[in-house]
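One structure is given here, and the rest of the page talks about it.
There are 2 protein chains.
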Amino acid sequence: MVAAGAQPGPRRRGRRPGGSDTRGQLLEAARVEFAERGYEGATVRRIADRAGVDAAMVNHWFGGKEALFTASLDIPIDPVELLADILPGDPEKIGERVVERFLTVWDATGGGPLAAMIQSIASHDAAARMMREFIGNVLVGRIVAAVSPDQHELRAGLCGAQVFGMGMVRYVLKFEPLASADHATLVAAVAPSIQRYLTGPLP
Amino acid sequence: MVAAGAQPGPRRRGRRPGGSDTRGQLLEAARVEFAERGYEGATVRRIADRAGVDAAMVNHWFGGKEALFTASLDIPIDPVELLADILPGDPEKIGERVVERFLTVWDATGGGPLAAMIQSIASHDAAARMMREFIGNVLVGRIVAAVSPDQHELRAGLCGAQVFGMGMVRYVLKFEPLASADHATLVAAVAPSIQRYLTGPLP
DNA sequence: GTCTATACAACGATAGAC
DNA sequence: GTCTATCGTTGTATAGAC
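Right under this line is the structure:
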């Protein structure tokens with residue numbers, strides 16, 4: 070579609086006076102768009118639109134769509150807050166806190182971002198690599214480092230698989246009654262598995 | 070639609086054998102392409118090419134790409150074979166057989182189809198609905214119907230979540246060492262959870 | 001003046017619709 | 001088969017910083 074006659078704001082060409090943070094605004098817009106639409110669904114033009122700049126700025130500042138994507142994944146969520154909520158307390162009940170916490174986070178967002186993230190992971194190796202490193206080194210990695218006696222990486226993978234699967238079935242597949250079950254039911258059902266993956270005996 | 074070539078000889082009674090089955094060939098081609106490339110990755114032209122017909126046939130027979138997609142999902146895999154391999158034997162060891170069986174299936178395909186399926190589920194409501202019904206009514210549904218004492222749907226969802234998550238982390242995310250772990254290790258680690266979801270006590 | 005940030009235009013590719 | 005829309009990308013002119 071051609072630009073409509075009513076322009077929302079004729080953007081001037083040339084360098085902006087003052088400190089314009091185009092790069093930062095592109096990053097912010099990219100996080101939203103990638104989260105909402107996945108890697109394929111998000112378009113460079115739309116991200117640039119949201120940032121209020123031209124699409125060419127993506128190439129200028131990042132080199133392309135993929136580079137923008139990886140750059141935007143630097144801090145998807147705040148791990149400090151998450152870990153501060155999970156780690157303190159009885160180590161024998163950390164499985165319950167993990168399940169409860171992820172349910173709370175995903176319930177709030179409605180599952181859209183989770184579906185977008187899964188879609189990105191499944192369709193783009195770069196996204197899979199990013200998420201893999203993020204889960205292993207930051208999210209689950211720090212949990213197992215804090216509470217697991219051995220085999221930290223394997224435990225992290227098992228724990229991630231259980232949490233990921235629960236999110237997928239509940240929020241993406243929307244499989245009933247799991248999709249509508251309350252937190253207490255799911256915590257009681259799933260937490261023992263998480264607890265065993267984290268602190269229980271492993272082969 | 071073009072009929073088979075005019076053949077010399079006496080006129081046959083009844084339905085003519087070898088009539089062109091454009092619709093069926095499109096379905097078959099669509100299953101392969103959708104499985105290999107996901108919904109977005111598969112193109113109407115390529116499916117039609119594989120079927121040996123013109124792309125316009127997709128519109129003619131199905132009405133569009135999405136309708137072809139849903140139609141192609143009718144029978145993704147053969148559930149009879151799967152269940153015949155899992156159900157017989159000690160009910161207390163069915164968890165082990167479930168894990169072993171899915172690992173074998175997915176190891177053989179290398180995870181590509183799984184990634185494509187996950188991508189389709191995450192990006193298309195129609196795919197999610199299809200898979201939900203397929204899992205609930207056919208795959209896991211028959212397992213819980215055979216071995217679970219109660220709460221069949223919840224148990225099916227929990228079981229599906231664990232299996233799905235394991236496949237996602239192992240084949241799509243490729244999270245080590247889980248991605249390279251042998252079957253025995255994963256069966257020993259995951260089967261107890263599956264077993265509890267299927268036959269154990271639930272809240 | 002030089003350099004950099006910016007917007008605009010247009011290109012080649014591709015996919016879906018008609 | 002053709003048409004149209006849209007994608008990511010690139011080239012280029014311009015406005016302002018230094």
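Chains as they are written, first to last, in our numbering: chain A, 70 to 272; chain B, 70 to 272.
Glycine residues also receive a C-beta, built at the ideal position from the N, C-alpha and C atoms.
Check whether chain B comes within 9 Å of A/I116, counting only Cβ atoms and requiring the distance to be less than that.
Taking the first sequence and counting its residues from 1, the one referred to as residue 116 of chain A is at position 47. No - not a single Cβ of chain B is within 9 Å of the one on A/I116.
Which residues in chain A sit within 7 Å of B/K243, going by Cβ to Cβ distance?
For this step, residue 243 of chain B is matched to residue 174 along the second sequence. The answer, in chain order, is A197 and R201.
Does any residue of chain B have a CB that is nearer than 9 Å to the CB of A/A185?
As a first step, residue 185 of chain A is located in the first sequence; it is residue number 116 there, counting from the start. Yes - at least one Cβ of chain B is within 9 Å of the one on A/A185.
Where do the ends of the alpha helix (DSSP H) carrying B/S192 lie?
What you label residue 192 of chain B is simply residue 123 of the second sequence in a count that begins at 1. Boundaries of the alpha helix (DSSP H) harbouring B/S192: G181 to S192, taken from the DSSP string.
Taking only beta-carbon atoms, is B/S217 less than 9 Å away from chain A?
Along the second sequence, one-based indexing puts residue 217 of chain B at 148. Not a single CB atom of chain A sits nearer than 9 Å to the CB of B/S217.
Which term fits B/P160, buried or exposed, when burial requires 16 or more other beta carbons within 10 angstroms of its beta carbon?
As a first step, residue 160 of chain B is located in the second sequence; it is residue number 91 there, counting from the start. Looking at its Cβ environment, which holds fewer than 16 other Cβ atoms inside 10 Å, B/P160 is exposed.
Assuming A/I187 contacts A/R170 under a Cβ cut-off of 8 Å, what Cβ separation, rounded to an integer in Å, is found between them?
The count along the first sequence starts at 1 and reaches residue 187 of chain A at position 118. The count along the first sequence starts at 1 and reaches residue 170 of chain A at position 101. About 19 Å separates the two Cβ atoms, so there is no contact after all.
From what residue to what residue does the alpha helix (DSSP H) around A/S141 run?
Locating residue 141 of chain A in the first sequence gives position 72, where the first residue counts as 1. Per DSSP, A/S141 belongs to the alpha helix (DSSP H) from K134 to S141.
Is the CB-CB distance between B/G180 and B/G236 below 9 Å?
Numbered from 1 along the second sequence, position 111 holds the residue referred to as residue 180 of chain B. Numbered from 1 along the second sequence, position 167 holds the residue referred to as residue 236 of chain B. Yes; because the gap between Cβ atoms is below 9 Å, this pair is in contact.
Where A/E245 falls: helix, strand or coil (DSSP):
Indexing the first sequence from 1 puts residue 245 of chain A at position 176. Reduced to three states, the DSSP call for A/E245 is coil.
For chain B, is any of its Cβ atoms less than 9 Å away from the one on A/Q222?
Sequence index remark: in the first sequence, residue 222 of chain A carries index 153 (1-based). It should be noted that the sequence gives Glu, not Gln, for residue 222 of chain A. Yes, A/E222 counts as interfacial toward chain B.
Assuming contact is defined by CB atoms lying nearer than 9 Å, are A/A120 and A/E105 in contact in what I supplied?
Taking the first sequence and counting its residues from 1, the one referred to as residue 120 of chain A is at position 51. Taking the first sequence and counting its residues from 1, the one referred to as residue 105 of chain A is at position 36. Contact flag unset, no.
Of the residues B/L208, B/H221 and B/A117, the one placed nearest B/P270, counting alpha carbons only:
Position 201 of the second sequence holds residue 270 of chain B. Ranking B/L208, B/H221 and B/A117 by Cα distance to B/P270 puts B/H221 first.
Within 10 angstroms of the Cβ of A/V232, are there 16 or more other Cβ atoms? Answer buried if so, exposed if not.
Working through the first sequence from its first residue, we reach residue 232 of chain A at position 163. By the 10 Å Cβ count, A/V232 comes out buried.
At least 3 beta-carbon pairs within less than 8 Å: the region 211-228 of chain A vs the region 244-251 of chain B:
yes
Could you confirm whether any beta carbon from chain B is found closer than 9 Å to the beta carbon of A/P145?
Along the first sequence, read from residue 1 onward, the residue named residue 145 of chain A stands at position 76. With a pLDDT of 49 at A/P145, under the threshold of 50, the predicted position of this residue should be treated as unreliable, though the coordinate-derived value follows. Interface criterion not met: the Cβ of A/P145 is under 9 Å from no Cβ in chain B.
Cβ separation of B/V216 and B/I263, assumed to be a contact under 8 Å, to the nearest whole Å
If you number the second sequence from 1, residue 216 of chain B lands on position 147. If you number the second sequence from 1, residue 263 of chain B lands on position 194. Between B/I263 and B/V216 the Cβ distance is about 11 Å, and since that is not below 8 Å, they are no contact.
Under 9 Å between beta-carbons, which chain A residues line up against B/T139? List them in chain order, please.
Your numbering for residue 139 of chain B matches position 70 in the second sequence. Using a Cβ-Cβ cut-off of 9 Å, B/T139 is close to nothing in chain A; its nearest Cβ partner there is about 16 Å away.
Can you pull the chain A neighbours of B/A250, defined as C-beta to C-beta under 9 Å?
Taking the second sequence and counting its residues from 1, the one referred to as residue 250 of chain B is at position 181. Simply L223 and G226.
Look up A/L151 in the DSSP assignment and say whether it is helix, strand or coil.
By one-based count along the first sequence, residue 151 of chain A stands at place 82. Per DSSP, reduced to three states, the secondary structure at A/L151 is helical.
Quick one: does A/L142 have its CB under 9 Å from some CB of chain B?
As a first step, residue 142 of chain A is located in the first sequence; it is residue number 73 there, counting from the start. Chain B, which has no Cβ nearer than 9 Å to the Cβ of A/L142, makes this no.
Listed by chain order, chain B residues near A/T268 by CB distance under 9 Å:
Mapped onto the first sequence, residue 268 of chain A falls at position 199. Those within 9 Å of A/T268 in chain B number zero; the least Cβ separation is about 13 Å.
Can you look up B/G261 in the DSSP assignment and give me helix, strand or coil?
As a first step, residue 261 of chain B must be located in the second sequence, where it is residue number 192. According to the sequence provided, residue 261 of chain B is Pro. The question's Gly does not apply to it. B/P261: helix per DSSP, three-state reduction.
For B/R92 and B/V113, what's the separation of their Cα atoms in angstroms?
Stepping through the second sequence from its first residue, residue 92 of chain B is reached at position 23. Stepping through the second sequence from its first residue, residue 113 of chain B is reached at position 44. Cα to Cα, B/R92 sits roughly 14 Å from B/V113.
State the CB to CB distance for the pair A/I116 and A/A99, rounded to an integer number of angstroms; the pair is presumed to be in contact (CB under 8 Å).
In the first sequence, the residue the question calls residue 116 of chain A occupies position 47. In the first sequence, the residue the question calls residue 99 of chain A occupies position 30. Confirmed, about 5 Å.
Show which residues of chain A have a CB atom less than 7 Å away from the CB atom of B/L271.
Counting from one through the second sequence, the residue named residue 271 of chain B turns up at place 202. Result: A258.
Going by beta carbon distance, what residues of the same chain come within less than 8 Å of A/P31, once the five residues before and after it are set aside?
Because residue 31 of chain A is not part of the residues shown, which for chain A are 70 to 272, the question remains open.
I want to check one thing, is the minimum distance from the CB of B/G93 to the heavy atoms of the ligand FMN below 8 Å?
This structure lacks the ligand FMN, and indeed carries no ligand of any kind.
Which class does A/A253 belong to by DSSP, given the choice of helix, strand or coil?
Position 184 of the first sequence, counted from the start, is the residue given in the question as residue 253 of chain A. In the structure shown, A/A253 sits in a helix (DSSP, three-state: H, G or I).
Is there at least one Cβ from chain B nearer than 9 Å to A/P246's Cβ?
Numbered from 1 along the first sequence, position 177 holds the residue referred to as residue 246 of chain A. For A/P246, the answer is yes, since a Cβ of chain B falls inside 9 Å of its Cβ.
Please state whether DSSP places B/G226 in a helix, a strand or coil.
Here residue 226 of chain B corresponds to residue number 157 of the second sequence, with the count starting at 1. Helix, per DSSP.
With respect to the alpha helix (DSSP H) encompassing A/A120, which residues constitute its N-terminal and C-terminal limits?
Within the first sequence, the letter at position 51 stands for residue 120 of chain A. Following the DSSP letters along the chain, one finds A/A120 inside the alpha helix (DSSP H) bounded by residues V113 to A120.
Give me the Cβ distance between A/T173 and B/P272, rounded to the nearest whole Å; I'm assuming they're in contact under 8 Å.
Counting from one through the first sequence, the residue named residue 173 of chain A turns up at place 104. Counting from one through the second sequence, the residue named residue 272 of chain B turns up at place 203. The beta-carbon distance between A/T173 and B/P272, rounded to whole angstroms, is 19 Å. This is too long to meet the 8 Å contact definition.
Residue environment, B/E202, which counts as buried when at least 16 other CB atoms sit within 10 Å:
Within the second sequence, numbered from 1, the residue matching residue 202 of chain B stands at position 133. When all chains shown are included, B/E202 counts as exposed.
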